[in-house]
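Using the working numbering, the letters of the sequence shown map in sequence onto residues 130 to 415.
Here the structure comes first, spelled out in structure tokens, and everything after it is commentary.
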Amino acid sequence: MIQLYHVSMVYPNQVQALSDVTLKVGRGEFVFLVGPSGAGKSTFVRLVHGEERPTRGHVIVDGRNVGRMRRSELPLLRRHVGVVFQDFKLLPDRSVLDNVAFAMLVTGSSRRDIRRRVPALLELVGLRDKAAARPNELSGGEAQRVSLARALVNSPAVVLADEPTGNLDPDTSWDIVQLLLRVNQAGTTVIMATHAKNIVDKLHRRVIAIDCGRIVRDEAQGMYGDTLDSAAAEAAAALEEQAGGSVRPFSGLAWPGRGRGDGRGGSSGDWRRGSGGGAGAGGGWR
Ligand code: ADP
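Here it is as structure tokens:
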């Protein structure tokens with residue numbers, strides 16, 4: 130489904146966000162992407178969504194090289210890869226219904242399909258009664274559910290969630306994760322970048338840990354791990370150096386060793402137009 134081959138990403142300001150990342154996420158997997166702030170998680174999401182092109186290497190989504198796509202092909206990619214962001218990114222001057230419908234409009238769906246599909250998605254996320262509301266009339270959890278409905282409306286094969294619970298309280302966070310699990314059970318591949326240790330540790334799903342742009346751990350039924358952010362690790366190393374190597378302020382500073390993921394291999398299939406399908410996620414691109 131998703132394959133990265135020796136992917137490096139250097140931004141124009143020379144920041145190296147990813148270094149030689151190779152990984153495979155199979156169809157229907159649920160994967161947590163963890164790592165400290167600045168590790169490269171959002172960059173991974175942007176590369177798979179086609180918002181950035183890798184400096185080196187290949188990003189393959191269902192057999193198509195995203196980094197080599199023409200601009201005109203990106204809307205088709207976006208039909209198949211839905212994204213949810215920490216800050217929702219809803220259009221403030223549009224209703225809930227229009228926010229979700231807009232995602233179908235920009236990918237060229239017919240008005241008939243939009244009229245049929247959008248209410249079904251609002252039902253799925255439990256927001257049918259909020260269809261006319263504006264984003265500023267919603268709670269954080271409701272706004273994230275709208276954002277999820279928007280990500281699912283084109284029946285994507287993949288949903289990328291970039292810190293989707295970052296602005297939510299614990300109970301609301303669980304609601305969103307439960308929705309993502311349902312979406313995954315319906316066959317959609319879900320990749321969730323997160324700092325939510327309690328969620329990762331409870332669900333025992335595949336965990337890919339990134340630090341300083343490199344994959345440092347990939348476990349089939351992983352835990353969040355003892356993460357120290359890079360700055361703290363550097364500070365600890367500096368302390369140790371100052372003390373001539375005699376001080377060991379923390380044990381287990383590094384991420385635990387790299388395990389084996391359970392990527393089941395991508396598809397070599399062609400792009401196929403989604404057909405809509407039912408109210409649940411999935412359907413279209415498979
Ligand atoms: P994370 O999502 O794990 O916090 P990011 O992918 O956002 O990490 O960032 C990885 C590194 O790339 C950081 O050093 C960050 O400052 C840098 N970075 C991210 N986006 C850009 C950008 N658009 N331009 C320049 N540097 C960026």
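Note that beta-carbon positions come from the ideal geometry of N, C-alpha and C, so glycine has one too.
These numbers were taken from a predicted model, which means no experiment stands behind them.
{"Query": "Confirm the yes/no value for this check: CB of residue 140, any heavy atom of the ligand ADP, distance under 7 Å.", "Result": "yes"}
{"Query": "What does a CB cutoff of less than 6 Å around residue 328 pick up in its chain, not counting 5 residues either side in sequence?", "Result": "306"}
{"Query": "Can you tell me whether residue 149 is helix, strand or coil according to DSSP?", "Result": "strand"}
{"Query": "Should residue 166 be labelled buried (16 or more other beta-carbon atoms within 10 Å of its own) or exposed?", "Result": "exposed"}
{"Query": "Pull the bridge partners of residue 211 from the DSSP assignment, please.", "Result": "288"}
{"Query": "Could you tell me the alpha carbon to alpha carbon distance between residue 263 and residue 236, rounded to whole angstroms?", "Result": "23 Å"}
{"Query": "Could you tell me the alpha carbon to alpha carbon distance between residue 215 and residue 354, rounded to whole angstroms?", "Result": "22 Å"}
{"Query": "Let's see if you can read the secondary structure: which residues bound the alpha helix (DSSP H) around residue 301?", "Result": "299-314"}
{"Query": "Shortest alpha-carbon distance to residue 223 belongs to which of 190, 207, 242, 259?", "Result": "259"}
{"Query": "Sorry if obvious, but does the Cβ on residue 144 come closer than 7 Å to a heavy atom of the ligand ADP?", "Result": "yes"}
{"Query": "Classify residue 162 as buried or exposed, calling it buried when 16 or more other Cβ atoms lie within 10 Å of its own Cβ.", "Result": "buried"}
{"Query": "CB-CB under 6 Å to residue 301, same chain, minus the five flanking residues each way: which ones, in chain order?", "Result": "270"}
{"Query": "Whole angstroms is fine: what's the gap from residue 207's alpha carbon to residue 178's?", "Result": "7 Å"}
{"Query": "Check whether the Cβ of residue 218 sits closer than 7 Å to any heavy atom of the ligand ADP, and report yes or no.", "Result": "no"}
{"Query": "Answer yes or no: do residue 209 and residue 160 have a C-beta to C-beta separation smaller than 8 Å?", "Result": "no"}
{"Query": "Tell me where the beta strand (DSSP E) around residue 347 begins and ends.", "Result": "343-348"}
{"Query": "Kindly indicate which residue of 311, 243, 171 has the alpha-carbon position closest to the one of residue 338.", "Result": "171"}
{"Query": "So, with DSSP's three-state summary, where would you put residue 317?", "Result": "coil"}
{"Query": "Pick from 325, 282, 324: whose alpha carbon is nearest that of residue 234?", "Result": "282"}
{"Query": "Tell me whether residue 151 is buried or exposed, calling it buried when 16 or more other Cβ atoms sit within 10 Å of its Cβ.", "Result": "exposed"}
{"Query": "Just list the residues that DSSP pairs residue 132 with in beta bridges.", "Result": "153, 189"}
{"Query": "Quick one: what's residue 340 bridged to in DSSP?", "Result": "343"}
{"Query": "Is residue 168 near the ligand ADP, going by C-beta to nearest heavy atom under 7 Å?", "Result": "yes"}
{"Query": "Would you report the Cα separation of residue 133 and residue 205, rounded to the nearest angstrom?", "Result": "20 Å"}
{"Query": "Looking only at C-alpha atoms, which of 143, 221, 182, 139 sits nearest to residue 266?", "Result": "221"}
{"Query": "Where are the alpha helix (DSSP H) runs, 4 residues long or more, that stay fully inside the region 204-270, in chain order?", "Result": "225-234, 240-253"}
{"Query": "Residue 273: buried (16+ other C-beta within 10 angstroms of its C-beta) or exposed?", "Result": "buried"}
{"Query": "Rounded to the nearest angstrom, what separates residue 191 and residue 130 at their Cα positions?", "Result": "5 Å"}
{"Query": "Among 176, 336, 164, which one has its Cα closest to the Cα of residue 324?", "Result": "164"}
{"Query": "Verify the contact flag: residue 164, CB atom, against every heavy atom of the ligand ADP, threshold strictly below 7 Å.", "Result": "yes"}
{"Query": "With DSSP run on the structure shown, which of helix, strand or coil describes residue 335?", "Result": "strand"}
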